[in-house]
Each structure stands twice: as structure tokens, then as C-alpha cells.
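>
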Amino acid sequence: MSFIADKQTLDDLSLLGKYNTHSIFHIFNQVKTRGGEKLLDQLFLHPLTDAGQINNRSAAFRYFGDHPATFPFDEKRLGQMEAFLDEGCAGNFPAALWQMTRKKVMALLVKDDTFQLQQQGLDTSIQVLRECNRLLQRLEKEGLDKNTPWEKWVAVARNIFRDERLKALDARDRSLWQNAQLHYLVAHVFRQPLKELLELTYEIEVYITVAAVGREKGFSYATAFPKEKNMLVATGVKHPGLDKAVANPLSFSGNSNVLFLTGANMAGKSTLMKSTGIMIYLAHMGFPVAAQQLQFSVLDGIYSSVNVPDDLNRGYSHFYAEVLRVKKVAEEVDAGKHLFVIFDELFKGTNVKDAYDATLAVTEAFTAFTDCFFIISTHIFEAGDALKSQGDQIQFEFLPTIMEGTVPKYTYRLQKGITTDRQGMIIIENEGILDML
1 MSFIADKQTL DDLSLLGKYN THSIFHIFNQ VKTRGGEKLL DQLFLHPLTD AGQINNRSAA
61 FRYFGDHPAT FPFDEKRLGQ MEAFLDEGCA GNFPAALWQM TRKKVMALLV KDDTFQLQQQ
121 GLDTSIQVLR ECNRLLQRLE KEGLDKNTPW EKWVAVARNI FRDERLKALD ARDRSLWQNA
181 QLHYLVAHVF RQPLKELLEL TYEIEVYITV AAVGREKGFS YATAFPKEKN MLVATGVKHP
241 GLDKAVANPL SFSGNSNVLF LTGANMAGKS TLMKSTGIMI YLAHMGFPVA AQQLQFSVLD
301 GIYSSVNVPD DLNRGYSHFY AEVLRVKKVA EEVDAGKHLF VIFDELFKGT NVKDAYDATL
361 AVTEAFTAFT DCFFIISTHI FEAGDALKSQ GDQIQFEFLP TIMEGTVPKY TYRLQKGITT
421 DRQGMIIIEN EGILDML
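Mapping of the sequence shown onto our numbering: position 88 corresponds to residue 88, and the numbering continues sequentially without gaps.
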């Protein structure tokens, strides 16, 4: 089963986007190779739902966080070798020799550059293979070939280089016969093992790179538990894109699965909710997270409702789009899935009375789905007062505003309870809008 996160959620949390400089992908996308970037993209698209797999991947990142390393290959050479292997070779040596001979003749007769390009690809591949062999010997000598993230890479490389036929790699001034022989060996006989070795090389690059980002930013590694544990405990949660973000603690369990969040505009509610969603998504990828500590039971997915757009083509108002979003989430939680759900300002597209009634009813209903965790923010603090009779199932927290004269200041630190802060008109007056009108 794959981790659930629909387009609305991915957009709300700005998770994807190679060319979006504000995306979470962009933060980690410091890889140099095309293969490494493709793998990173796949990791972002497919978070894990098995606690063991998550912890194993986290352990690989953690290893390179504790043992910083420089990626030992040139990205341009790796790309050229991959292209050379993709071209392949004839299925037997006589055919390979004939093809190379014909290309060399064409190069001499009509200045065709096919032979030269093929030779460049072969020379680059041989150079990369020599580097791989030297790296293999160093890893074995230093004892890094076992119980480290290098173990799979070493196993594949060892099987390749123990073959006596590859001793021809050491030849310097090669004849046409030797070039054809090496072309046949590299691009046909060892093609699949070498492609596997390249994939593992890109995996190592991602491990090294992501670990370096996590170390530089002071991120930590989460511990995943089976979903039956039904808990999430985090300290020092902050947004990974903010270097000076204020950190906050969060906790959920089957006995306390709803966080009712209040606070004035600009107090930090949306940022806190996005930070939490991003943390949970990255944790299911096994990536370092922007928190001091995180322990969590594996979830089936995450849904958010932060920036719900209207749909003019379908004739949907903003309010109706919100209703459909709540309906979608209700169907998913009712199906027995373990989900983390974020609702920022429930039903803000309708009047205050309807928003109050709907927020109250929906929040009460969500408390029954104890396998799911919910954060619900609202300006309608009166709904919180009515919900207090629900017992400990709902947590009430707020982000405070401190008034310095007529200027609001924000601590961005969670406090227990419900706030009645409303500074909308003060902000409007401070901006001089009424005077202009």
C-alpha cells in the first residue's frame, strides 16, 4: 500500500517542484547527477508505509550524517557511462568487432563521428570502472563493506570486478580488437550488473547529499513504529524552510486525537500546521525532519485543506469546494484508514453562524475516528468553548498575540487553552486603509 497524499495536500505543503525554490524538494535537491535527482524525485513521490523500511532508510541517512562523506564520482562521467550502457552492444563478440570495424572505416572515409563518440563513451566508462575498483578496495580495506549503507554497492561491485575478463580494463594502448572486446564486455556481458551498480551509486549520492542537508540545518531522524501503536510525539517542530523558526511540541494518541487550534491572523497557525504536515511526510520517507525529536506510528496518508480553491468551470464556490474537501476526508477516515488531517480555518467561505455550527459538528464527529489525528484551526473560538465538554479527546491550544500599544506582536509559541484574540481591525487601521477611504 502506498502512502496517500493527493495534489491538494502536495500543493498546500509545497512538497514537490524542482523549479519551485520554496518547495521542500528544492531544499534537499543538492544532488549533482541526473540519476540522483531522478531517484530523489521518486523518493518524494512514494513515501513508505512500513516501519521497518522507514527506520532502515533513516539509518542510512543517519550513517552519513554521523560520517560525512564526499561523493567520490564525477557526475558528467556517470551520465556518459549511463548513456553508453543504454546504447548497448551486439549480442556476440564477432558482431561487436564487425560493428566497431565498420564505424572506424566510416570515420576514415567520410569523417563520420560515430566511432569517435563510441570510443569516448567506452573510455569514460572504463575510467569510471577503474574508479569503482579503487573505491571497492578502499572500502574493503577500511572495513566499510559490511553493516554500512555501502554494503549493497560493495556486493555488486565485488561480483563484477572478481571476473577475470575485466582485467583488460588495465590495458592502456588498446588495439581495435581490444576495444571491441571491452565494448562487448562492458555494454553487453556486464551491462545489467553495471546498470545496477550505477543505480546503487546514485542511491549513495542521495544518502550523502540528504544527510549533509539535514546536518547543516540541524534536523533530526524520526523513529517509526507500527500503526497499531497509534501515537505521535514530537518536540521542537518547525518549518524546514525557515532558518529562525520558533519550535513547538505536538502529541497525539488514540485518546487525544484532535488538536483545536485558535489564534489571530498572522499568529502562525498556518505555518505550524504546514510544518507538522511536512514533518510527517518527510518522516514517512525516512528523511531528516525539522524537529528535535519525533516518534510516530506509521500512517496511511495525509490530507490537508489549507488553500482550497473555488472551481469556476464547475460552478463551485469557495464554500462548496470546502464542503467537498471535508466530504472527501470523511469518506477516507470512515473507510478505516489511519490518516493525519489538517483543516486550516474550516468553512471560512460561509457566514459566521453556519461556520460555527459546521465546525462544531465536524470536530465532534472526528473525535470518534481514534485511528486518525486531526489539527483544526479556526477564528471561531466560541466553537471551542462548546467543545470543551468532550473531555480529553480534544486538545485546545492557541498561538498568542501580545499588544504593544496598537501594534500586535506574535510569539509563535503554543499555549494551552483557547484565545479570543481578534486583531483584524487593528491591522487594517494600522495600515491607514480607513484614512485613505
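All residues carry an ideal CB built from backbone N, CA and C; glycine is no exception.
On a predicted model such as this, the values are computed, not experimentally measured, just so you know.
Do you know how far the Cα of I376 is from the Cα of T370?
About 15 Å.
> Can the beta-carbon of P240 be found less than 8 Å from the beta-carbon of K217?
Their beta carbons are under 8 Å apart, which means P240 touches K217 by this criterion.
> I'd like the span of the alpha helix (DSSP H) that includes Y221, first residue to last.
No alpha helix (DSSP H) contains Y221, which DSSP labels as neither H nor E.
> Given this structure, state the Cα-to-Cα distance separating L15 from I4, to the nearest angstrom.
Spanning the two alpha carbons is a distance of roughly 13 Å.
> Would you call the CB atoms of F115 and N133 closer than 8 Å?
The answer is no: Cβ separation not under 8 Å.
> Grab the span of the alpha helix (DSSP H) containing M285 for me, first residue to last.
Counting along the chain, the alpha helix (DSSP H) containing M285 begins and ends at K269 to M285.
> Taking all protein chains shown into account, do 16 or more other C-beta atoms lie within 10 angstroms of the C-beta of L13, making it buried, or fewer, making it exposed?
Result: buried.
> Under the three-state reduction of DSSP, which class applies to Y491: helix, strand or coil?
The structure shown has nothing for residue 491, since the chain only spans 1 to 437.
> Out of curiosity, what's the CA-to-CA distance linking C372 and H22?
If I take the Cα positions, the gap works out to 29 Å.
> Any idea what DSSP makes of V246, helix, strand or coil?
V246 falls in the coil class under three-state DSSP.
> Which stretch, first to last residue, makes up the beta strand (DSSP E) that contains E404?
From DSSP, the beta strand (DSSP E) with E404 extends over T401 to E404.
> On a CA-only basis, which of S58, I418, A361 and Q395 is nearest F381? Give me that one, please.
Cα-wise, what sits closest to F381 is I418.
> Where L299 and A358 are concerned, what is the direct C-alpha to C-alpha distance, given to the nearest angstrom?
Distance between the alpha carbons of L299 and A358: 27 Å.
> Can at least three beta-carbon pairs, one atom from the region 398 to 405 and one from the region 274 to 288, be found at a separation below 8 Å?
The region 398 to 405, when compared against the region 274 to 288, does not touch it at the 8 Å Cβ threshold.
> DSSP state of I204, grouped into three classes?
I204 falls in the helix class under three-state DSSP.
> Check whether the Cβ atoms of E82 and L185 sit closer than 8 Å, and answer yes or no.
Cβ distance not < 8 Å, so E82 and L185 don't count as in contact.
> Roughly how many angstroms lie between the CA atoms of A368 and W150, to the nearest whole one?
Rounded to whole angstroms, A368 to W150 spans 46 Å at the Cα level.
> How would you label D344, buried or exposed, when you count the other beta carbons within 10 angstroms and need 16 or more for buried?
Buried, by the Cβ-count rule.
> Among K269, A290 and P226, which one has its Cα closest to the Cα of L242?
With distances taken between Cα atoms, L242 lies closest to A290.
> So, helix, strand or coil for S125, using DSSP?
It is helical.
> Tell me which residues share the same chain as L136 and place their Cβ nearer than 7 Å to its Cβ, disregarding the 5 neighbours each side in the sequence.
Cβ within range, chain order: V154, A157, R158 and F161.
> Measuring alpha carbon to alpha carbon, tell me which of S175, F61 and H26 ends up nearest K104.
Per the Cα distances, S175.
> Within 8 Å, do at least three Cβ pairs link the region 202 to 210 to the region 136 to 145?
No, the region 136 to 145 does not touch the region 202 to 210.
> Please identify the residue among T406, Y303 and A51 whose C-alpha is closest to the C-alpha of Q295.
Minimum Cα distance to Q295 is reached at A51.
> Could you pull out every unbroken alpha helix (DSSP H) segment of at least 4 residues lying fully inside the region 66 to 102, listed in chain order?
Counting whole runs of 4 or more residues, the region 66 to 102 contains the alpha helix (DSSP H) stretches 75 to 87.
> Measuring only the C-alpha atoms, how far is D41 from K18?
Spanning the two alpha carbons is a distance of roughly 9 Å.
> How many whole angstroms separate the CB atoms of S251 and V233, which I take to be in contact at a CB cut-off of 8 Å?
Contact holds; Cβ gap of about 5 Å.
> So A96 and A180 are supposed to be a Cβ contact under 8 Å. How far apart are they, rounded?
With 8 Å as the limit, A96 and A180 qualify as a contact, their Cβ atoms being about 5 Å apart.
> DSSP three-state call for G336: helix, strand or coil?
G336: coil per DSSP, three-state reduction.
> Tell whether a beta-carbon distance below 8 Å holds between L387 and V362.
Not a contact, by the Cβ cut-off of 8 Å.
> Helix, strand or coil for G36? Go by DSSP, reduced to three states.
Helix, per DSSP.
> For the beta strand (DSSP E) that A234 lies in, which residues bound it at each end?
Looking at the DSSP string, the run of the beta strand (DSSP E) that includes A234 is M231 to V237.
> Any idea what DSSP makes of S58, helix, strand or coil?
Helix.
> Considering only the beta carbon of each residue, do Y221 and R62 sit closer than 8 Å?
Cβ distance < 8 Å, so Y221 and R62 count as in contact.
> Evaluate S2 with the Cβ neighbour count: other Cβ atoms within 10 Å of its Cβ, from every protein chain shown; 16 or more gives buried, anything less gives exposed.
That one is exposed.
> What's the call for P94, buried or exposed, on a 16-neighbour Cβ count within 10 Å?
The residue in question, P94, is exposed, as its Cβ has fewer than 16 Cβ neighbours within 10 Å.
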